[in-house]
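Residues are numbered in the working numbering as their position in the sequence shown, beginning at 1, plus a constant of 28.
For glycine and all other residues, C-beta sits at the position ideal for the given N, C-alpha and C.
Source: prediction; values computed, not measured.
Report on one structure; see the data block that follows.
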Amino acid sequence: MPIYEYDCDACGDFTALRPMSVRSDPCDCPACGMPSPRVIRTAPGLATMAGSTRAAHETNERASHAPKTVAEYAASKRHPAGCSCCGPSKPVAPTKANPHALKTSPSNRPWMISH
Numbered sequence: 029m030p031i032y033e034y035d036c037d038a039c040g041d042f043t044a045l046r047p048m049s050v051r052s053d054p055c056d057c058p059a060c061g062m063p064s065p066r067v068i069r070t071a072p073g074l075a076t077m078a079g080s081t082r083a084a085h086e087t088n089e090r091a092s093h094a095p096k097t098v099a100e101y102a103a104s105k106r107h108p109a110g111c112s113c114c115g116p117s118k119p120v121a122p123t124k125a126n127p128h129a130l131k132t133s134p135s136n137r138p139w140m141i142s143h
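Dropping the structure here:
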């Protein structure tokens, strides 16, 4: 829900978090209770923060209203089918070219990136 600005004749400016469906309706002043008209005094808050920060804010907001259950959390952390990071890895078998079964790079120059 967006934050709207209102102007009370008796108390001054205040802001309120309201649904967009009632954006044009007057809002009661939190101090005196009088209906106050909506005003636009500041620029809207645009999504100018870093993507990771915005994602963290969205996650926190979503979690405050509907936190994940343990089952939902576990399901979201599962790896896709065929994931090689969690399963058992095959040991390197000794060969004539690699008698000590050491991991080798695919070329003689492992520091070079192929195209």
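Run through DSSP, which three-state label would Ala83 get?
It is helical.
In DSSP terms, what Thr43 is bridged to:
Paired residue(s): Glu33.
How is the alpha helix (DSSP H) around Val50 delimited, first residue to last?
From DSSP, Val50 is part of no alpha helix (DSSP H); its letter is neither H nor E.
For Met29 and Arg46, believed in contact at Cβ under 8 Å, the rounded distance:
Right, their Cβ atoms sit about 6 Å apart.
Distance, Cα to Cα, Asp35 vs Arg82?
Their Cα atoms are separated by approximately 30 Å.
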